[in-house]
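Colleague: Just passing along the structure, written as structure tokens.
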Amino acid sequence: MWQPDDARLVHDLHSTMATSRFMSGGEPWNMTRCEERIGQWFREQAEDGTTKYKVLSRDDGRFIGRAGISLHDRETGEYEMGYAFREDEWGNGFATEVARALIDWFSARNMGRLIAFTHPDNHASQHVLRKAGMRQIAPRHIDGFVAPTFEMGATNSNS
Numbered sequence: 437m438w439q440p441d442d443a444r445l446v447h448d449l450h451s452t453m454a455t456s457r458f459m460s461g462g463e464p465w466n467m468t469r470c471e472e473r474i475g476q477w478f479r480e481q482a483e484d485g486t487t488k489y490k491v492l493s494r495d496d497g498r499f500i501g502r503a504g505i506s507l508h509d510r511e512t513g514e515y516e517m518g519y520a521f522r523e524d525e526w527g528n529g530f531a532t533e534v535a536r537a538l539i540d541w542f543s544a545r546n547m548g549r550l551i552a553f554t555h556p557d558n559h560a561s562q563h564v565l566r567k568a569g570m571r572q573i574a575p576r577h578i579d580g581f582v583a584p585t586f587e588m589g590a591t592n593s594n595s
């Protein structure tokens, strides 16, 4: 779980154009934003039992990113899966592994509908979501662009 001083880790994760270009309007996060987001993740955990977690390498415990599920729309029972990994960890399979684990966790709890959004230019995330067993549905307008949107498949094939 997050610690109060982990804002520096989140800042390292989202302070470059490369690691922030597909989210939050494409602007790097400053320390204040990182502290606010960690606070939000603590509140989500307390209120809804879901949140974005700190992801550590099982090999050596180094911080590699954040991932989790958050309540997206209380009225519809719709949850959103999201993840971000350090740029130097891209291509190592963490996104697919974590997405599959989150889908399995969510599916086992029968909590509602699970969706995920990507930036239209983030082809890597779109590939990960398909590979993890999600199917593309009608896009949604998010942060000023039309976002490819995915939902958990009827069965999680993990193919």
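Note that the numbering used here gives residue 501 to position 65 of the sequence shown, counting from 1, and the numbers run on in steps of one. We treat Cβ as the ideally placed atom computed from N, Cα and C, and that holds for glycine. Remember, it's a predicted structure, so these values are computed and weren't measured experimentally.
Name the residue from V564, I551, K488 and L449 whose alpha carbon lies nearest to the alpha carbon of P575.
Modeller: Ranking V564, I551, K488 and L449 by Cα distance to P575 puts I551 first.
Colleague: Relative to the alpha-carbon of F499, which residue among A560, I578 and V446 has its alpha-carbon at the smallest distance?
Modeller: Among A560, I578 and V446, the Cα nearest to that of F499 is on V446.
Colleague: If you count every other CB in all the chains shown that lies within 10 Å of the CB of M467, and 16 or more means buried, which is it?
Modeller: Its Cβ having fewer than 16 others within 10 Å, M467 is exposed.
Colleague: Hey, would you say A568 sits closer than 8 Å to I539, going by beta carbons?
Modeller: For A568 and I539, yes; Cβs fall inside 8 Å.
Colleague: I'd like to know if R469 contacts chain C, where contact means its C-beta is closer than 8 Å to some C-beta of that chain.
Modeller: The displayed structure is made up of one protein chain only, and chain C is not part of it.
Colleague: Is the CB-CB distance between T486 and Y515 below 8 Å?
Modeller: Yes, the Cβ-Cβ distance between T486 and Y515 is below 8 Å.
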